[in-house]
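Asks: In mature numbering (1 follows the signal peptide of the UniProt record, and there is no 0), the protein residues as written are -18 to -1, 1 to 495.
Cβ atoms here follow ideal geometry from the backbone N, Cα and C, with glycine treated the same way.
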């Protein structure tokens, strides 16, 4: 009997080892990236031959000693639906696969916020109307389950599986990502380009950027690693110490030994450095994508943290590009909005750090300070956010000649008791409370050599090139620095001719430790 049981267990183990498999990110209804080599990978019995057939393409790979296999199929144009078949000792078939453009949507709660909202007090504008209309069979959705890990994973914990965009599937999916894809696909259709859009929703509310960055990248930046190493230690220590204290207390009460009878493992919290990169980004890096859309920053806005973001955020972008290994793909992100947050937070400094990150090639920033909610960190107008991201995508990813950004600070210098400020993307510069060409602008401050900023008067200099603002304050006769839209919830009204708002900025460079 014992021998028979052993043989049965051995047979079942061998059968399990023989099963060819692919990561959970593969399923029917998915989108594969067009015009790039199609990468397929997974596991099988070591030495097993694995053959993949897709459309009219076939290739074969052999599983290595660890049971991993990987193969590529030649690039293909947009099209479908097609069937993918992977054969080893077993056969896997995925149907209704489209070749199109695959976008990875990530960040914290404002990217996570679904069309259905976060409850009755935190809703998307016209939510039910938008949900009913969310019927786009060539937009495909993949929602990733939240997970954290202490090392890079090869697969995600779970997904919903790929689905067509319907009212039922869109209801619980990222609203920003949905509006981005909807507007982008419509713009492509208007140019007679029919392209399927795939969206991967890998988001977790309340999470900081360091949790989404690999440990290697954090460790490669000398100015970041000491800070985040200390936070990682704290992330380990505090939950573990609490668990041990609770164990000791209960054991003493029950008259039991206070030594655990098994190893204790530290909690992997969602805010621990690299924890979300490991579980929710790393599994996707072998998969070719068109680009990334990102909305995050609120969790890094504390006074003692915002000053690091101008180094942390570029590190994250370069890190993802390095691990995806497909060059400087478009990385489109949302500048955090306006919110009357705690005085212990510095949203102005965080927004300016995001602006500075535009120095990285092929990045685009959607400014949203004009659609914030003073009393809710989750603004309801996600339609405008998606639209502005789609404009950036059209320009950077599809080479369309559109104005995709509001005015961006170029330079400033003092002259005769005022500050002269120049902007890029400034055609049609105007204030929101006036017609095009309106000159009275709100939201500017100036500072003298003492670096103390005071509210200032600002006007558009139409006698010059039209891209210049003149800023002055009677309280500061010799201004040296200027900034715009700096408070957490600023009153600011500068736009360009495309009715896109100007970004927060300061001409005062921070003092580094």
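#1: From the DSSP output, read off the bridge partner residues of residue 404.
#2: Which whole runs of the alpha helix (DSSP H) in the stretch 97 to 144 are 4 residues long or more, in chain order?
#3: How long is the line joining the alpha carbons of residue 174 and residue 66, rounded to whole angstroms?
#4: Between residue 87 and residue 95, how many whole angstroms is the CB-CB distance? I'm expecting something under 8 Å.
#5: Using the Cβ count rule (16 or more neighbours within 10 Å means buried), how would you classify residue 239?
#6: Leaving aside the five residues before and after residue 475 along the sequence, list all residues of the same chain whose C-beta is less than 7 Å from its C-beta, in chain order.
#7: Using only the alpha-carbon positions, how far apart do residue 191 and residue 277 sit?
#8: By the 10 Å Cβ neighbour count, where 16 or more other Cβ atoms means buried, how is residue 483 classified, buried or exposed?
#9: What does the alpha-carbon distance come out to for the pair residue 91 and residue 349?
#10: Comparing alpha-carbon positions, which option in 15, 32, 149 lies nearest residue 116?
#11: Under the three-state reduction of DSSP, which class applies to residue 330: helix, strand or coil?
#12: How big is the Cα-Cα spacing for residue 509 and residue 333?
#13: State the DSSP-derived secondary structure class of residue 151, mapped to helix, strand or coil.
#14: Taking buried to mean at least 16 other C-beta atoms within 10 Å of its own C-beta, is residue 176 buried or exposed?
#15: Per DSSP, what kind of secondary structure is residue 365 in: helix, strand or coil?
#16: Mapping DSSP to helix, strand and coil, what is residue 263?
#17: Is residue 380 helix, strand or coil by DSSP?
#18: For residue 17, count neighbouring C-beta atoms within 10 Å of its own C-beta (all shown protein chains included) and say buried if the count is 16 or more, exposed if not.
#19: Please determine, among 401, 31, 13, the residue with the shortest C-alpha to C-alpha distance to residue 3.
#20: Under a three-way DSSP split, which group does residue 17 fall into?
#21: Consult DSSP for residue 372 and reduce its assignment to one of helix, strand or coil.
#22: Mapping the DSSP letters down to three states, classify residue 271 as helix, strand or coil.
#23: For residue 384, I'd like the list of residues in its chain whose CB is within less than 7 Å of its CB, leaving aside the five on either flank, ordered along the chain.
Replies: Straight from the coordinates:
#1: Taking the first residue of the chain shown as position 1, residue 404 is located at position 422. Paired residue(s): 393, 450.
#2: For the alpha helix (DSSP H) assignment, the uninterrupted runs of no fewer than 4 residues enclosed by the stretch 97 to 144 are, from N- to C-terminal side, 109 to 115.
#3: Looking up residue 174 in the chain shown gives position 192. Looking up residue 66 in the chain shown gives position 84. Taking the CA atoms as reference points, residue 174 sits about 28 Å from residue 66.
#4: Taking the first residue of the chain shown as 1, we reach residue 87 at position 105. Taking the first residue of the chain shown as 1, we reach residue 95 at position 113. At roughly 12 Å, the Cβ-Cβ gap does not stay under 8 Å, so residue 87 and residue 95 are not in contact.
#5: The residue labelled residue 239 in the question sits at position 257 within the chain shown. Residue placement at residue 239 cannot be trusted, given a pLDDT of 45 that sits under 50; the coordinates are not used to answer.
#6: On the chain shown, position 493 is the one that residue 475 refers to. Its chain contains 413, 414, 415, 423, 424, 425 as the residues whose beta carbon lies nearer than 7 Å to that of residue 475, once the 5 sequence neighbours on both sides are disregarded; these appear in chain order.
#7: Locating residue 191 in the chain shown gives position 209, counting from the first residue. Locating residue 277 in the chain shown gives position 295, counting from the first residue. A direct Cα-Cα distance of roughly 10 Å separates residue 191 from residue 277.
#8: One-based indexing of the chain shown puts residue 483 at position 501. When all chains shown are included, residue 483 counts as buried.
#9: As a working mapping, residue 91 is identified with position 109 in the chain shown. As a working mapping, residue 349 is identified with position 367 in the chain shown. So the two alpha carbons sit approximately 17 Å from each other.
#10: What you label residue 116 is simply residue 134 of the chain shown in a count that begins at 1. For the residues 15, 32, 149, the minimum Cα distance to residue 116 belongs to 149.
#11: Walking along the chain shown from the start, residue 330 turns up at place 348. Residue 330 sits in a helix when the DSSP states are folded into three classes.
#12: Outside the displayed range of the chain (-18 to 495) lies residue 509, so it cannot be described from this structure.
#13: For the purposes of this step, residue 151 is identified with residue 169 of the chain shown, where counting begins at 1. Three-state result, residue 151: helix.
#14: Mapped onto the chain shown, residue 176 falls at position 194. Residue burial annotation: residue 176 is exposed, with fewer than 16 other C-beta atoms found within 10 angstroms of its C-beta.
#15: Counted from its first residue, the chain shown places residue 365 at position 383. Helix, per DSSP.
#16: By one-based count along the chain shown, residue 263 stands at place 281. In this structure, DSSP gives residue 263 a helical state, which the three-state scheme calls helix.
#17: On the chain shown, residue 380 is found 398 positions in, with the first residue counted as 1. It is coil, neither helix nor strand.
#18: Walking along the chain shown from the start, residue 17 turns up at place 35. That one is exposed.
#19: Position 21 of the chain shown, counting from 1, holds the residue named residue 3. Taking each of 401, 31, 13 in turn and checking the Cα distance to residue 3, the smallest one comes out for 31.
#20: For the purposes of this step, residue 17 is taken as the residue at position 35 of the chain shown. Residue state for residue 17 is assigned as coil, using DSSP reduced to three classes.
#21: The residue given as residue 372 occupies position 390 in the chain shown. Three-state result, residue 372: helix.
#22: Residue 271 sits at position 289 when you count from the first residue of the chain shown. Three-state result, residue 271: coil.
#23: For the purposes of this step, residue 384 is identified with residue 402 of the chain shown, where counting begins at 1. Result list for residue 384: 373, 376, 377, in chain order.
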